[in-house]
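Right, one structure below, let's go through it.
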Amino acid sequence: MEDPVANIYQSVASEEPFFRLVDEFYAGVEKDPILRPLYPDDLSHSKQLLALFLLQRFGGRTTYSQERGHPRMRARHMPFKIGVAERDAWVKHMGNALDKVTEFSPFRAALDFYFQDFATFMINQP
Numbered sequence: 797m798e799d800p801v802a803n804i805y806q807s808v809a810s811e812e813p814f815f816r817l818v819d820e821f822y823a824g825v826e827k828d829p830i831l832r833p834l835y836p837d838d839l840s841h842s843k844q845l846l847a848l849f850l851l852q853r854f855g856g857r858t859t860y861s862q863e864r865g866h867p868r869m870r871a872r873h874m875p876f877k878i879g880v881a882e883r884d885a886w887v888k889h890m891g892n893a894l895d896k897v898t899e900f901s902p903f904r905a906a907l908d909f910y911f912q913d914f915a916t917f918m919i920n921q922p
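Counting from 1 along the sequence shown, just add 796 to a position and that's the residue number in the numbering used here.
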């Protein structure tokens with residue numbers, strides 16, 4: 797079975813849209829009363845990590861794993877209370893970010909499914 801998001805980087809052919817996606821996503825997070833308390837005051841490191849993770853997950857450079865090891869995303873997020881409200885807010889802001897970065901438009905259905913599934917996997921609270 798082919799992974800529908802594993803080769804998006806090759807089609808986008810640039811890292812810039814990934815960094816723009818992350819900037820747009822965090823612009824929403826910064827104003828969100830549910831998500832903002834989960835993040836540090838300075839979002840720079842969080843932005844960098846998300847961009848590197850997405851680049852790697854979607855077929856680009858593997859800097860994320862080279863610097864941090866296996867992504868272990870659920871374990872890395874376990875210290876944070878993530879329930880349905882947090883999941884829904886995260887998905888909303890990622891969807892809004894995808895709306896603004898048109899390079900991802902051809903992959904929107906696969907990305908929506910991926911991000912919804914990913915965010916649901918992060919839930920660790922009732």
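Here a beta-carbon is modelled for each residue, glycine too, at the ideal position from N, C-alpha and C. Because the structure is a prediction, the values reported are computed rather than measured.
*asked:* Quick check on the DSSP output: the alpha helix (DSSP H) that includes Asn892 runs from which residue to which?
replied: Val880 to Lys896
*CA nearest to the CA of Val808, picked from Gly855, Ala823, Met797 and Ala906*: Gly855
*Can you tell which of Tyr910, Leu846, Ala881 and Arg864 has its C-alpha closest to the C-alpha of Gln921?*
Ala881
*asked:* Three or more C-beta pairs under 8 Å: does that hold for the segment 894 to 906 against the segment 830 to 847?
replied: no
*Closest by CA to Leu851, which one among Phe903, Glu826, Ile804 and Ile919?*
Ile804
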